[in-house]
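Line order of the protein sequences matches chains A and B. Counted from 1, the first sequence has number 19 at position 17 by the working numbering; the numbering is strictly sequential. Counted from 1, the second sequence has number 227 at position 54 by the working numbering; the numbering is strictly sequential. Following: one structure in structure tokens, then a few remarks.
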Amino acid sequence: GAGVSQSPSNKVTEKGKDVELRCDPISGHTALYWYRQRLGQGLEFLIYFQGNSAPDKSGLPSDRFSAERTGESVSTLTIQRTQQEDSAVYLCASSLSIGESYEQYFGPGTRLTVT
Amino acid sequence: AQSVTQLDSHVSVSEGTPVLLRCNYSSSYSPSLFWYVQHPNKGLQLLLKYTSAATLVKGINGFEAEFKKSETSFHLTKPSAHMSDAAEYFCVVTLFSGGYNKLIFGAGTRLAVHP
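Next up, the structure:
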């Protein structure tokens with residue numbers, strides 16, 4: 003079946019512009035996660051959704067970052083007034099539910115470059 | 174606090190020789206541990222996971238890892254490397270926080286396989 007998809011695959015934007023990244027989870031997966039991967043580093047947790055509720059927003063780097071999810075479907079991560087340090091690969095994952103017994107399935111990521 | 178350290182940022186082996194990717198963890202309770210693999214331009218894929226059952230865990234593609242509590246290690250091994258094993262490998266520990274298990278990623282080890 004279809005896996006997690008993300009769009010766009012690549013995004014180049016000018017400093018100060020807003021960007022919106024999209025994630026389509028696997029159908030039926032109630033949990034959805036956003037991570038950031040800076041060059042040469044591991045993944046950094048940003049936020050997760052259980053359904054359309056985001057109980058843990060502690061990983062969002064600043065108030066320029068926000069995310070929303072429509073029901074148990076598509077999620078968008080929005081970065082306002084982008085800065086050069088926002089350049090990274092943004093990865094989305096989904097799982098059947100929360101908890102360690104549920105594997106997280108990752109999308110291919112969106113590579114964001116802020117010039 | 175949970176953390177994970179991957180001791181080598183790059184490992185290079187010849188095809189047909191053994192692979193050893195080292196990982197040490199820090200955890201305030203009995204952890205769940207994972208190894209993920211990331212091939213170029215592809216999403217992260219779960220290789221194997223340890224969740225307090227058998228200490229020797231077998232994963233996909235001939236990989237296995239041994240949980241050693243006394244050494245706080247979870248090294249990944251494979252008896253004979255294949256060219257297709259060339260990828261980035263991440264050691265991951267879970268942190269139970271905010272009602273769900275958050276994945277804490279190591280910085281990654283890039284494995285190169287030479288003919």
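By construction, the Cβ of each residue, glycine as well, lies at the ideal position given by its N, Cα and C atoms. All values reported here derive from a predicted model rather than from experimental measurement.
### Task
Flag this pair as yes or no: are the beta carbons of threonine 32 of chain A and glutamate 74 of chain A separated by less than 8 angstroms?
yes
### Message
Let me make sure I understand the geometry here. Which of B:Leu221, B:Val192, B:Tyr262, B:Thr224 has the alpha-carbon closest to that of serine 253 of chain B?
### Response
B:Val192
### Message
Under 8 angstroms, Cβ to Cβ, is there at least one residue of chain B near glutamate 105 of chain A?
### Response
yes
### Query
Interface residues of chain B around valine 14 of chain A at Cβ under 8 angstroms?
Neighbours of valine 14 of chain A on chain B: none; closest Cβ ~17 angstroms, over 8 angstroms.
### Task
Look at alanine 260 of chain B and valine 210 of chain B and say whether their C-beta atoms are less than 8 angstroms apart.
yes
### Task
Identify the contact partners of alanine 227 of chain B in chain A, using a Cβ-Cβ distance below 8 angstroms as the criterion.
By Cβ distance, chain A contributes nothing, its closest Cβ being about 16 angstroms from alanine 227 of chain B, past 8 angstroms.
### Query
Are the C-beta atoms of alanine 202 of chain B and some chain A residue less than 8 angstroms apart?
Checking the sequence, you will find tyrosine at residue 202 of chain B rather than alanine. Taking Cβ atoms only, chain A never reaches closer than 8 angstroms to tyrosine 202 of chain B, which makes this a no.
### Task
For chain B, find out if any of its Cβ atoms is closer than 8 angstroms to the Cβ of tyrosine 50 of chain A; answer yes or no.
Yes, its Cβ sits closer than 8 angstroms to a Cβ of chain B.
### Message
What does the Cβ neighbour count give for threonine 112 of chain A, buried or exposed, with the cut at 16 atoms within 10 Å?
### Response
buried
### Task
Measure from the C-beta of phenylalanine 47 of chain A to each C-beta in chain B and report whether the shortest distance is under 8 angstroms.
yes
### Residues within the segment 69–87 of chain A neighbouring chain B, beta-carbon criterion of under 9 angstroms
Answer set for the segment 69–87 of chain A: empty.
### Query
Candidates A:Thr72, A:Gly30, A:Tyr37: which alpha carbon is nearest glycine 109 of chain A's?
A:Tyr37
### Task
Could you give the DSSP three-state label for serine 182 of chain B: helix, strand or coil?
Under the three-state reduction of DSSP, serine 182 of chain B is assigned to coil, being neither helix nor strand.
#### Entry: Closer than 8 angstroms to chain B by CB, glycine 101 of chain A
yes
### Query
Along chain A, which residues have their Cβ under 9 angstroms away from the Cβ of glycine 232 of chain B?
The premise fails here: glycine 232 of chain B is roughly 12 angstroms from chain A at the closest Cβ pair, so nothing lies under 9 angstroms.
### Task
Just mark leucine 93 of chain A as buried or exposed, buried being the case when its beta carbon has 16 or more other beta carbons within 10 Å.
Burial call: buried.
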